[in-house]
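Residue numbers (the numbering used here), protein chains in the order written: chain A, 712 to 1018; chain B, 14 to 664; chain C, 4 to 172; chain D, 185 to 380.
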Amino acid sequence: MSETKTKDAARPKGAGEAKPDFVFFPGCSLHSTAREYHDSTVQSMAVLGITLEELDDWNCCGATALSSADSLLSYALPARNLAMTQERGLPMAVACNSCFVTLNRVNALMETDAPYRSKVEETLKAIGRRLDGPVEIRHTLHIIYHDVGLDRIREKVKRRLEGLKVAPYYGCQIARPRHEFSDPEFPTEMDDILEAIGAEVVRYDRKTKCCGGALMTTKEDVVLELNEQLLREAQVRGADLIAVCCPMCQMNLDAYQGKINSRFGTDYKLPVVYFTQLLGFALGLDEKAMGFGRGFVPAGKHLKKYA
Amino acid sequence: MPGPKIGVYVCHCGSNIAGKVDMDALREFAAELPDVVVSRDYKYMCSDPGQDLIKADIKEKGLERVVVASCSPRMHEPTFKRACQDAGLNPYLMEMANIREQCSWVTEDGEAATQKAKALVHSAVNKARHLEPLEDKTVPVDPKTLIVGGGIAGIEAALKIAEAGKEVYLVEREPSIGGNMAKLDKTFPTLDCAACILTPKMVSVAQHPNITLLTYSEVEKVEGYIGNFEVTIRKRARSIDEKLCNGCGTCQEKCPIKVPNEFEEGLGMRKAIYTPFPQAVPNKPVIDRENCTYYKTGKCKICERVCPPKAIRFDQEDEIITEKFGAIIVATGYQLFDPSVGPQWGYGRYDNVIHGLQFERLSNASGPTGGKILLKDGSEPEAVAILHCVGSRDTNYAEYCSRICCMTSVKFAHLVREKTNAKVYDLYMDMRTFGKQYEEFYNRVVAERDIYFIRGKGAEVMQDPETGKLLVRVEDTLLGVFREIPVDMVILNAAICPRPDAQEVAQKFGIQRSADGFFLEYHLKLEPMKTANDGVFIAGTCQSPKDIPDTVGQGAGAAAEALKVVFAGQVTVTPTTAEVRDTLCSGCRICIPLCPYNAITFDEAKGVAQVNEALCKGCGTCAASCPSGALRAKHFDNRQLYAQIEGVCAE
Amino acid sequence: MTQAGSPKSQAAAGEGWEPKVVAFLCNWCSYTGADLAGISRLKYPANLRIIRVMCSGRVSPAFVLKAFHEGADGVLVGGCHPGDCHYLEGNYKTLKRKLVFERLLEQFGIEPGRFRLEWISGGEGDKFARVAEELVKTVRELGPLGSTAERLGRADGLALRAEGGGGNA
Amino acid sequence: MEQAEAKTLEVIRQDAFDPAKFLEELDAFPGVDKIKNCMQCGVCTASCPLSHEMKETPRKIIEMIRAGMRDEVLASDTMWYCASCYACTVRCPQGISMAEVMYALRTIALRTARNLSAAFYKTFSDTVRRYGRMHESDLMIRFALRTNPLSLLKMGPLGLRMLAKGKMSLSVPTPIRGAKEIGKLYEKVAELEGGA
């Protein structure tokens, strides 16, 4: 249901049959917990002239959970998505860091480990598909930074978020192991985009420190500690809110903020929003459509003055 | 028609070859080849008895060609050539088959290695059959030596050569000689101050009648060959008259422009007219035209007004010097690894994270803090961490060990304790204290109060956002625990790296670089100063990371190499040049623009091309391109190479 | 057995077929690199046999054809990296000649995979071993050149012409 | 517990271990290599956000692998703390992908392990097999049922708020169209791994 809706939104009016720029792999989270990330990504990129077409009948990439459970399967599952992308003949866009790292892992295999690679190819053969070398996989953050460019963003901004102090939090799996970003530990692409929409980016040394990810399920105590440190630095640096680009980070920092406060006796009230929500809002898209209301810690009061 | 009598000599090289290749089979195989009249094997063919075998056969059996199957010709070609010559055989009638470096050492299977050795011997015998006698030629040598780079390696080499009575040009890019050593404070393991031991040598360089010192200068072009290099040097305009300037320093006092001093590694300032440090040689300033107000706006000229001897020359121009040299020593030094490449170390992000050379300047009495170890805010640190292997022994950056950092770290630990009351944490992976008196020095420092050695690589420097303290993260690997150490200052002992323009310099001097980017020596162990370009030698850290004792040693070694060339007075040049066979030349002139040395001209009268053998280096490009086959590369002609191809393919 | 009388018959495919690869290496860079591979005790297939020339610029197309004619299944030409040439620019000549090599081989029905031109410096022993390994592997996969031998026969005439007067000193 | 301690002492008896065999087993995983090149610098440990929780640091695990201590390595808690943040991997001076080593250790351990983490990864895999996609609510409920049904009560408040925010759905998930393909993929993988 949500698929049809967003697809329409992604298509610029009158563009009709024009070939999209990317096949979009949303991943499971963007269809459930992170719908606001999905909608704000697709809509902002449409405004910026990038058309995404959702990969038809995509399946779960397996995330890091499958890499731990079954090695071959952890390559075969994402490989199906890459094979279908190759069939479509377009590069792939991914917004979720976890999917990004998992899909890229298959790409790396396609370039290196030959015997294991043929094993993966055999599994694809069993379902009548094939993967012919690596597929171009791009993170939407990088597409916005690189393909759209800061100048274009500045041109299109309708509401400059002047005075809004944002801590840019990239999470770990976007730039690591080495992908297309400027540095595996201190990338700057999101910083630049946020500055281009007028926001004030605060110093945030922990920008790629891990939030614990899925370990929140199995090792909750220590993962809460990690998130407390992330919130603490953002607060000390004077951030109004934290911008993220990964559903897992958003969930851990936002949904568990209450738990962290009661556990550590703190009083954090830091909204955790996707950078695309801020981008779309700055581009003039409707505040509601950007899904700010879906966060546990409300972001509304920081945005009111720009609306 | 019977061919020339050929003798084949198979070397075991101990077990280096014999351990893999079947010596008996190879010897017998060679004996069966056409024209081979004798085939022998011996344990060490390069030894005197081995050579005697060859000499005896030449004399007694009347050998006309000799084939030695052994190591690479790069090792022993001269040895066997000489042996032939001693026995009265023209040395160019000897051919080698490389069955060690290119066969026994690189082949897993013994049978395959034997088969390959046969092919290589067959190839060499085939070539030998077609060899022809050639006569070496000699040319006179220019008695001067050019040394590029005025660090301790170049200084040492210059003094040795000058003291031996030969003339030297020392070219240095910076306004003063001294190099990186001049920046150091104390030197391990004896802790004498760098300036105290270096300055006298610098002064000697300036005063020695045999040394022409060209600072603020760069080599632009190198042409020619051993004994006869023609070098173009650009002496950049200092904007002062060096003869008039008395080094009083008034200009520097009065100049209103302040910029960061490169010599102080960004920690101190200099003026637009400056000498980089007080003990500079020559002690005459330069005007940095990029920052000088006069060159930017046409106004100011304060220095000119205050200069007592009126030595300022704003209109001075660069000077181009062309000079002939017999030998060249390249001693261009190193560049410290830029730790900001790895943002995890916090360099460039946190004020009090500094690298090794910056610490040297802090600790140096003539440095920006007058020798006090201070934080950026002027206070004294309470805790200092020293990290080894920043960029070294790390496949993400430089895979090699930089060799000096362990000792430098131990020295830093001692200096911090000597000058402050700070606790010192030294984070090391391995403590490599390999030199004379190094381990003893380490043993002394390790016992000092409040110096803690932790075995683990410093992974990361963070900052506590609330207190501003630096946090160094490391695993204490001997305890197996993660440690986060709060400190006020972090010293990163960064890797010794090739200079960023190493490739350009290598090309200029016709030398090569090894995989690590440093200049490539001819032989890692036995020819560390020679390069692939005869007459060009290397010394110091441009060849590999090394400490002062090793650098001085190599500088002196390179001086000996250069002296060997200039004292000989003449050098042998290869007779393996190209020649034109007039009867075949059609006069098409295709070869003329192909020659990199402009050695081919056209004889209008005869209507044929002509090779100037003094210029020809024997690369053979012309021979490969001659449509009529008139151009012949001596010692590598078509018939010889075809025979080799037949040989390697036959087995 | 000793003379290369009938190279094709030797190259015929069979059970124990082992490819032959001839490498022309320049004295200053690639030959030194091959020595370094040995000094470092790197291992590569024994199928590769080296002939030393002073400069890769010396390697004329006729040499490459001659090697194939004599039964080689693959040929490697190794020179200095562009800009590093001991002879200033000999390797640029080689590079220009590469097109000629490839066109010629195409005419004789020799697969492009059998010929390789590589820049290998004196410091790149590992690269040399890797290139040797790869080339032998490719040639092994392509099989013996024997199947194209008849077409190759035509090389004789041309090789002789390129050779001109041969080497009659 | 006592037994485990006694076993650690046996390390001294090198003949009890077969390092080459364990290394070979790990080598079969793509991305796991260069373990022998580890110089025990500890950068992995010091870069890890959770190493302070581990009984054996990642560096020590590598050394235990090289000693052939298979049982001890698989019984350690180290790999279950890995959040796959790759901080160790990008910093390792020898280019060892520690994250891949951890995946491999978990995979081997999961064949026999019976802990909370094992249950989570198995449940995850089952959910994907069934629907082709991951469904948080389904995953969490199954995970709870598999491990500790009472924890469902504890999850209650957060779960309710998630429902309220539309971040979780109780509707029965529908499989993707290609669910059959996914099933076949699982079967083929099982066949290939069984055969290997």
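All C-beta atoms in this analysis are idealised placements derived from N, C-alpha and C, irrespective of residue type, glycine included.
Span separating the alpha-carbon of residue i from that of residue j
| i | j | result |
| --- | --- | --- |
| Met-821(A) | Met-215(B) | 59 angstroms |
| Leu-861(A) | Ala-745(A) | 25 angstroms |
| Asn-332(D) | Phe-1003(A) | 34 angstroms |
| Cys-771(A) | Gln-754(A) | 23 angstroms |
| Phe-350(B) | Ile-504(B) | 13 angstroms |
| Ile-855(A) | Met-756(A) | 7 angstroms |
| Ala-200(D) | Ile-249(D) | 14 angstroms |
| Ile-292(D) | Leu-207(D) | 13 angstroms |
| Val-584(B) | Val-134(B) | 32 angstroms |
| Val-139(C) | Pro-48(C) | 7 angstroms |
| Tyr-413(B) | Ile-605(B) | 45 angstroms |
| Ile-491(B) | Ala-166(B) | The sequence shown places Leu at residue 491(B), rather than the Ile named in the question. Near 39 angstroms, if we compare the C-alpha coordinates of Ala-166(B) and Leu-491(B). |
| Val-485(B) | Arg-496(B) | 8 angstroms |
| Ala-16(C) | Phe-111(C) | Bear in mind that a pLDDT of 44 at Ala-16(C), under 50, signals an unreliable position, so the model cannot answer this. |
| Pro-17(B) | Lys-72(B) | 15 angstroms |
| Val-21(B) | Lys-33(B) | 19 angstroms |
| Tyr-967(A) | Asp-951(A) | 18 angstroms |
Opposing strand residues paired with residue i [DSSP bridges]
| i | result |
| --- | --- |
| Asn-241(B) | Tyr-238(B) |
| His-1022(A) | Beyond the ends of chain A as shown, which are 712 and 1018, falls residue 1022(A); an answer cannot be given. |
| Cys-24(B) | Tyr-55(B) |
| Ala-110(B) | Ala-82(B) |
| Ile-333(B) | Arg-247(B) |
| Ser-376(B) | According to DSSP, Ser-376(B) bridges with nothing at all. |
| Thr-151(B) | Thr-585(B) |
| Ile-360(D) | For Ile-360(D), which the question treats as bridged, DSSP gives no partner whatsoever. |
| Pro-674(B) | Examination of residue 674(B) is not possible in this model, given that chain B is present from 14 through 664 alone. |
Proximity test, residue i beta-carbon vs the ligand SAH heavy atom, cut-off 6 angstroms
| i | result |
| --- | --- |
| Asn-770(A) | In the structure shown, the ligand SAH is absent, as is every other ligand, since no ligand is present at all. |
Check whether residue i and residue j have beta carbons under 7 angstroms apart
| i | j | result |
| --- | --- | --- |
| Leu-163(B) | Glu-180(B) | Looking at the sequence provided, one finds Gly at residue 163(B) rather than Leu. Contact flag unset, no. |
| Ile-848(A) | Leu-369(D) | no |
| Val-152(B) | Gly-339(B) | no |
| Gly-81(C) | Leu-533(B) | no |
| Leu-388(B) | Pro-394(B) | yes |
| Ala-170(B) | Ile-342(B) | yes |
| Gly-548(B) | Thr-564(B) | no |
| Ser-422(B) | Asp-439(B) | yes |
| Ser-124(C) | His-72(C) | no |
Interface flag, residue i vs chain E, CB-CB below 7 angstroms
| i | result |
| --- | --- |
| Lys-244(D) | Absent here is chain E; the protein component of the structure consists of chains A, B, C and D. |
Scan the stretch 478-492 of chain B for residues whose Cβ lies nearer than 9 angstroms to a Cβ of chain A and list them as they occur along the chain. Pro-478 and Glu-479
Should the stretch 259-276 of chain D be regarded as contacting the stretch 227-243 of chain D, the criterion being three or more beta carbon pairs within less than 8 angstroms? yes
Chain A contacts made by the stretch 339-357 of chain B, where a contact means CB separation under 9 angstroms: Gly-355, Pro-356 and Gln-357
Against chain A, which members of the stretch 264-278 of chain D pass a CB distance test of less than 9 angstroms? Trp-264, Tyr-265, Cys-266, Ala-267, Ser-268, Cys-269, Tyr-270, Ala-271, Thr-273, Val-274 and Arg-275
What are the residues in the stretch 768-787 of chain A lying within 8 angstroms of chain D by C-beta distance? Asp-768, Trp-769, Asn-770, Cys-771, Gly-773, Ala-774, Thr-775, Ala-776, Leu-777, Ser-778, Ser-779, Ala-780, Asp-781, Ser-782, Leu-783, Leu-784, Ser-785, Tyr-786 and Ala-787
Report the residues of the stretch 217-236 of chain D with a CB closer than 7 angstroms to any CB of chain B, ordered along the chain. Met-223, Gln-224, Cys-225, Gly-226, Val-227, Thr-229, Ala-230, Ser-231, Ser-235 and His-236
Select from the stretch 979-998 of chain A all residues with a C-beta closer than 9 angstroms to any C-beta belonging to chain B, and list them in chain order. none
Against chain C, which members of the stretch 235-266 of chain B pass a CB distance test of less than 8 angstroms? none
Can you give me, in chain order, the residues of the stretch 167-197 of chain B that have a beta carbon less than 9 angstroms from any beta carbon in chain C? none
Say whether the stretch 730-750 of chain A touches the stretch 316-330 of chain D, bearing in mind that this needs 3 or more beta-carbon pairs closer than 8 angstroms, one atom from each stretch. yes
Contact residues within the stretch 947-967 of chain A, judged by C-beta distance below 7 angstroms to chain B: Val-947 and Arg-948
Pairs of beta-carbons, one from the stretch 34-47 of chain B and one from the stretch 96-109 of chain B, closer than 8 angstroms: are there three or more? no
Check each residue of the stretch 873-903 of chain A: if its Cβ is closer than 9 angstroms to any Cβ of chain D, include it; give the result in chain order. Gly-882, Cys-883, Gln-884, Ala-886, Arg-887, Pro-888, Arg-889, Pro-895 and Glu-896
Touch check for the stretch 633-646 of chain B and the stretch 115-124 of chain B: three-plus C-beta pairs under 8 angstroms? no
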